[in-house]
Amino acid sequence: MKEITQKILAGTSFLLLLLGLFWMGQNKPVKAVKAVYHWKTDFEESWVSAARDSFLEEHSIRKVYVKMLDVDYSEAAGIFPASKTNMPYSFSHIFDSVTFVPVVYISNLVMKNMNSSQIEFFSKQFLVHALRIETYTNKKVSEIQVDCDWTEGTKETYFQVLKTMKKWAPQLQITVTLRLYPFKYREELGIPPADRVMLMVYNINNAKKFSNKNSIFDAHEASKYLKRKSYPLPMDIALPVFSWSLIFRNQQFLKVFSSSIIPTIYSREMEDESKETCLKKLTNRMYLVQQKPSGYDPFDLRAGDIIKIESCGEMELKEASLITYGLPINENSTIALFDLDMNDLNQISYDQIESAFTLFH
Amino acid sequence: MTKLKALLLFFISLFLLVWPPKQTNSCGFYILQEEYRFWSFDPSNNAVAGMHPFFYSMELYHNGFDIENRFYVNEINTNSIDEYEQNMDQWLKYIYKVDPNAKVIKDDIYEVLYEINPIDYFAILDGLKKENSFVEFASKYPSVLEYLSYAKKSEYQSNYKDGWICESCPELVSPGNFKPGDRYFSNYNVNPDPNNGMELIENGLKYLTKEKDKFLQERFAFQIVRLAYYNLDSLNLNEAYLKYLEPLTDQNWLKGAANMYHVLNLTGPKRNLGLARIFDACPDKRYRCQQLFQNDLFDETVELANNNHERMLLEVIHSISNPNEQLQIIKKIGRFEPNSKYLPALWVREINKLEDWILGPLYSDFGSTKNDHMRYESEIRNAVQSQLTKDKKYALEVAQYLENSNSLVSSSSKSFHHLCLGYLYFILKDLNKAEENYSKVIPNELDEIGKVQFSLNQFMLHLSQTQKVTPQLESDLANCLQLLVQTETKYPQRKMMKFQLINFAAKEFFDRGERAKGLLLFGFSAKPYASHSLLGIGNMYTQIYSLAEPKDIDEMLFVLSKRNPNSLEKYIQTHKVYSYTYDYGDNMEFINKNKLLDLKSMLLVQTDKLLEAHAAVNKIDTAYWSNEVYSLFKNDNPFLINPWNGHAPMNERKLVYNKATFLKELIELKQKAALAQGEQKAKLNLKIANAYYSMSYMGKYWIMQKNYQGGSEPDEDKTDVNPEYYSAARAKYYYHQVLNSTKDPQLIGMVVYILQVAFSPNSSEIAQNKSYLKKKSGALDIYEQLSGNCALFYEMAERYN
Chain H
1158 MKEITQKILA
1168 GTSFLLLLLG
1178 LFWMGQNKPV
1188 KAVKAVYHWK
1198 TDFEESWVSA
1208 ARDSFLEEHS
1218 IRKVYVKMLD
1228 VDYSEAAGIF
1238 PASKTNMPYS
1248 FSHIFDSVTF
1258 VPVVYISNLV
1268 MKNMNSSQIE
1278 FFSKQFLVHA
1288 LRIETYTNKK
1298 VSEIQVDCDW
1308 TEGTKETYFQ
1318 VLKTMKKWAP
1328 QLQITVTLRL
1338 YPFKYREELG
1348 IPPADRVMLM
1358 VYNINNAKKF
1368 SNKNSIFDAH
1378 EASKYLKRKS
1388 YPLPMDIALP
1398 VFSWSLIFRN
1408 QQFLKVFSSS
1418 IIPTIYSREM
1428 EDESKETCLK
1438 KLTNRMYLVQ
1448 QKPSGYDPFD
1458 LRAGDIIKIE
1468 SCGEMELKEA
1478 SLITYGLPIN
1488 ENSTIALFDL
1498 DMNDLNQISY
1508 DQIESAFTLF
1518 H
Chain Z
60 MTKLKALLLF
70 FISLFLLVWP
80 PKQTNSCGFY
90 ILQEEYRFWS
100 FDPSNNAVAG
110 MHPFFYSMEL
120 YHNGFDIENR
130 FYVNEINTNS
140 IDEYEQNMDQ
150 WLKYIYKVDP
160 NAKVIKDDIY
170 EVLYEINPID
180 YFAILDGLKK
190 ENSFVEFASK
200 YPSVLEYLSY
210 AKKSEYQSNY
220 KDGWICESCP
230 ELVSPGNFKP
240 GDRYFSNYNV
250 NPDPNNGMEL
260 IENGLKYLTK
270 EKDKFLQERF
280 AFQIVRLAYY
290 NLDSLNLNEA
300 YLKYLEPLTD
310 QNWLKGAANM
320 YHVLNLTGPK
330 RNLGLARIFD
340 ACPDKRYRCQ
350 QLFQNDLFDE
360 TVELANNNHE
370 RMLLEVIHSI
380 SNPNEQLQII
390 KKIGRFEPNS
400 KYLPALWVRE
410 INKLEDWILG
420 PLYSDFGSTK
430 NDHMRYESEI
440 RNAVQSQLTK
450 DKKYALEVAQ
460 YLENSNSLVS
470 SSSKSFHHLC
480 LGYLYFILKD
490 LNKAEENYSK
500 VIPNELDEIG
510 KVQFSLNQFM
520 LHLSQTQKVT
530 PQLESDLANC
540 LQLLVQTETK
550 YPQRKMMKFQ
560 LINFAAKEFF
570 DRGERAKGLL
580 LFGFSAKPYA
590 SHSLLGIGNM
600 YTQIYSLAEP
610 KDIDEMLFVL
620 SKRNPNSLEK
630 YIQTHKVYSY
640 TYDYGDNMEF
650 INKNKLLDLK
660 SMLLVQTDKL
670 LEAHAAVNKI
680 DTAYWSNEVY
690 SLFKNDNPFL
700 INPWNGHAPM
710 NERKLVYNKA
720 TFLKELIELK
730 QKAALAQGEQ
740 KAKLNLKIAN
750 AYYSMSYMGK
760 YWIMQKNYQG
770 GSEPDEDKTD
780 VNPEYYSAAR
790 AKYYYHQVLN
800 STKDPQLIGM
810 VVYILQVAFS
820 PNSSEIAQNK
830 SYLKKKSGAL
840 DIYEQLSGNC
850 ALFYEMAERY
860 N
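Chains as they are written, first to last, in my numbering: chain H, 1158 to 1518; chain Z, 60 to 860.
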């Protein structure tokens, strides 16, 4: 049964591709602004320089969205900054031709637990933490993006936060990310009070749910959300090129790391010649931590933790690009790749990345 | 010439890089005081738990020292109460009281209480309820689960800083108006948001009122005390502590831990006195209490003390803060409480000081750690001597105090008391009194540490009492070493004790005529015992080179090859030595017999005993000459020299030599020269002279005489080998022999040129050489042609070789 389903899905994908190629022949490409996301917690200058010299230059990318703050809620801590991106002391001398857009990721739990008296305080916190990027780049930003997977129950609080941010920073464009779900169910989830939206053409399934499915992208599922081709706000599009490692403990989602966690653990354990005993491969995308790594462990893993690797490669990028056909994209729109991880991007050909940046409409 | 100098420098640098020490100890080399401090009396002898940080040390607090890796280690766990263990045991007891059929495992309790951070705890709580036996149990008892949640929130509030603090963020002044952030500023000591903390205290008080279970009540009270401390809420802190935790027994960790917050909330002498009481009640908190104790408020604190026990405690804390003589304070402590449990540790502390101050200079070139601050060479000798006299006087005072306090010592401590007293007299070299006290020690009255100490002390005494090392003493030493080796995992300090004992025994054996075993014993110690002008620290081979005679090395080889060795000889045969560097265990190897033969040959070459030297090197395995040191020397011809730079290679014929072939050829040359006449004799003597020159400090085969060479030699301190090595006097003698035998003006011109250039002649020698040349027809011309003409010199040198 599982095999049949896989065959059907593969067949559907192939048909979509053919269809896409046909459409391409019929339509003109749109030259939008090219962008990438930086979603790591360390913004290392050396790494960025390397990315600039190779990827950003090659593809003439002029806009980089940088996640600056990750906000979560815990019963222990209340609303707390789960991570703040480490910035190099100075990187003003690089990226002269690049515009930075700081991004604040806010978990929906935060919205659930934020009461009205806290909105003012936290909105200001989100703003100043996003604008922290100016301290390091010596460049004024003109846009701040907020990323939140809001729901019907939290939309009021979320929208209030967005309005408050705008109130304190009227000179800035406040843009928000838009998942496929709120794109489709806009009547229920509302239209966010923002200047623009960035449609994220991925994250179909719930990543926090412990299952063997790839939660990042499923073309068949995603296309169901994109039947309507308009949206009341100007739109940008983000396409998936990333992989991540989801950590589950006691079958509960705990945290997420970059996919480099696996080679990092392996390379460290190789020194002790205990590679085999540290991680056990359970399936193609799941590993069991068999023993706590010796010495300092930046991932704070425990024996029994499950690491689930999910990735989006060339195929998914192509599919995601195709299903955006007809969306209201123009020369002022931005097409962004999520995210600037050279390990992931190196797996994809130059032409494929270029064609993803050139959507057909 | 510049090229030759560069080559010489390169050669010397390369040599320093590969010659025995694999780590070059050049400028910047230093050894730490704890590396060379002499001690053999285990500081943990009779110490009550928690006193480990206060053992005598040249560091602020005692840590123990891993000498092989040169870093401080936390060496001794003096049986402190482990709060975690006790808490988990209390939980287990509680769980089985509540539900005798519960199946909770300790690891799960540990995970929840001490491993999972508060944020993760709440994130995976649903999973924990299924997979963690402790949380599974708690989920059946709401009040327990409620407590765990409260404890985790309290943990976050007490241990984590407020993450919203951000100095690098811009400051929002008014809408649209931001003041730039500071990228270089970080604030590390941020307290959690006090509003959250106060709210949590309020919630805790509600739980406390509602909760009837005493076990949970105490724990809620503890969380409130901790939260109240961090939120400066003295009222709730005191109320919760005094009502729920103060009545607990001193042994209950909850009381000690809560009392710490309670006391730290006080100020001035009251706080000091509180710390002293905790110091007494909680061994695991002694270190922290001593750190927090304000010595400048000592007198005011003593005035607050309620009784002699408290006065005693204050004196103990005061005393362990001071590394100098503390007898007067120890006497006070004895007056306040003659049977104070802290006294034995304080006696041992004084003993450790005295063995450092008095025995240190005897068993280490680096002396007593006390002398380290005496900077000026000219003052050191007098200052050390004067200090030593004072230290001995002080040692006698300590010994007399212990003698006088004998009647006050409890019967169970008498043996240990005599052990201390005996060793104090040993330090003072009053061996009779040492023996008298040791004879009163009943080993069974000593604990395990004391028993081992007694064995060591007896061996040290017996060795000191004899003129000659006996088989029994060798056996005793082997037993002591084995005893220390076998128990060093349980007692890590014994590794250092082993090295201390070896350094002691090696010197005492050597002094008593057992030179071979004494010198070999040094190899088994990683602790510095000898300074070395070039390497910084001597190793066994440099000690042998400096102190042994050829017959000692024969004796060493005999010991190493003995078929029926005694226990000490077996130890020497079967254990690896710290061969090339003093501090790295991974360079250890068995004693190298080839290296010993090589050292022997060097000593013999120094006294020109070439036949014996040749016999020694002839026994060396051929492979030895390919090692990393000799491979640098073998591809050169020692019978040809470069007068401008004796270290420069000069081997046109690509000859290959090792010490054996070199010596063989030199001996044959000397034999032939003895029988030859005239020009033939002159030619042979030229080669002999060149060979002796090569073997001198200035020559490329200096390794024939010395086992290392430094770039700054020679100077007035370098007198460890025959001065001939530096002056090349033998070479000069043979060059003169050439002049006596030859009439060949070319040869005369060349030899005088060598005497003028390759040596450093004084003005009278220069005049003498020139006057000699004038008498020899044609020789002056040759001499002048050779000046600065390398090609001509090489051509002539080859012709006469």
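For every residue, glycine included, the Cβ atom is placed at its ideal position computed from N, Cα and C.
Note on geometry: alpha-carbon atoms of H521 (chain Z) and L402 (chain Z) lie some 28 Å from one another. N318 (chain Z) counts as buried, since no fewer than 16 other beta carbons sit within 10 angstroms of its beta carbon. Residue pairing of Q1330 (chain H) in beta bridges, as defined by DSSP: H:E1300. With a cutoff of 8 Å on beta-carbon distance, Y751 (chain Z) and A707 (chain Z) are scored as not near each other. The alpha-carbon separation between E567 (chain Z) and G737 (chain Z) amounts to approximately 56 Å. Each of Z:P530, Z:N503, Z:C539 and Z:F475 was checked against the Cα of S514 (chain Z), and the nearest Cα belongs to Z:C539. Chain H has a Cβ within less than 8 Å of the Cβ of I183 (chain Z). Take the alpha-carbon of T308 (chain Z) and the one of P102 (chain Z): they are about 30 Å apart.
Counting of Cβ neighbours within 10 angstroms places E1313 (chain H) among the exposed residues, the total staying below 16. When Cβ-Cβ separations below 8 Å define contact, N1243 (chain H) makes no contact with chain Z. Listed by position along chain Z, the residues whose Cβ is nearer than 8 Å to that of W1325 (chain H) are L231, P234 and G235. Neighbourhood of R242 (chain Z) in chain H, by CB distance below 8 Å: M1244, Y1246, S1247, T1292 and Y1293, in chain order.
In the three-state DSSP reduction, F1374 (chain H) falls in the coil class, being neither helix nor strand.
When C-beta atoms of the region 563 to 577 of chain Z are compared with those of the region 603 to 618 of chain Z, three or more pairs fall below 8 Å, so the two segments count as touching. Nearest Cα to Y1246 (chain H) within the set H:A1364, H:N1295, H:N1407 and H:Q1302: H:N1295. Listed along chain H, the residues sitting closer than 8 Å to N255 (chain Z) by beta-carbon distance are G1235. Annotation note: the region 618 to 696 of chain Z contains the following uninterrupted alpha helix (DSSP H) runs of length 4 or greater, listed N- to C-terminal: 626 to 633, 652 to 665 and 669 to 677.
Taking a beta-carbon distance threshold of 8 Å, D179 (chain Z) counts as an interface residue toward chain H.
At a beta-carbon threshold of 9 Å, none of the residues of chain Z lie near H1377 (chain H); the nearest stands roughly 31 Å away. The straight-line gap separating the alpha-carbon atoms of N651 (chain Z) and D535 (chain Z) is approximately 26 Å.
Under the DSSP assignment, D148 (chain Z) falls in the alpha helix (DSSP H) whose first and last residues are E142 to V157. Under the three-state reduction of DSSP, W406 (chain Z) is assigned to helix.
Here DSSP, grouped into helix, strand and coil, assigns T1308 (chain H) to coil. Within the region 187 to 200 of chain Z, the residues whose Cβ lies closer than 8 Å to some Cβ of chain H are L187, K189, E190 and N191, listed in chain order.
Under the 8 Å criterion on CB atoms, S1231 (chain H) is classed as interfacial with respect to chain Z. Runs of the beta strand (DSSP E) spanning 3 or more residues and lying entirely within the region 188 to 269 of chain Z occur at 230 to 233 and 236 to 238, in chain order. Between L461 (chain Z) and C479 (chain Z), the CB-CB gap stays under 8 Å. Contact between Q385 (chain Z) and E409 (chain Z) holds: their C-beta atoms lie close to 6 Å from each other, under 8 Å. In this structure, the beta-carbon distance from E1473 (chain H) to P1350 (chain H) does not fall below 8 Å. Exclusion of the five residues before and after Y173 (chain Z) leaves Y143 as the residues of its chain whose Cβ lies within less than 8 Å of its Cβ. The beta-bridge partner set that DSSP reports for L1403 (chain H) consists of H:V1413 and H:K1465. Per DSSP, H1195 (chain H) is one residue of the beta strand (DSSP E) stretching across V1190 to H1195. Cβ contact annotation for A589 (chain Z) (same chain, cutoff 6 Å, sequence separation greater than five): D424, G597 and Q602, in chain order. In this chain, the beta strand (DSSP E) harbouring V1261 (chain H) covers T1256 to I1263. In terms of Cα proximity to E226 (chain Z), the closest of H:N1272, H:Q1282, H:A1233 and H:F1257 is H:Q1282. Between K586 (chain Z) and F558 (chain Z), the C-beta gap is smaller than 8 Å, which places the two residues in contact.
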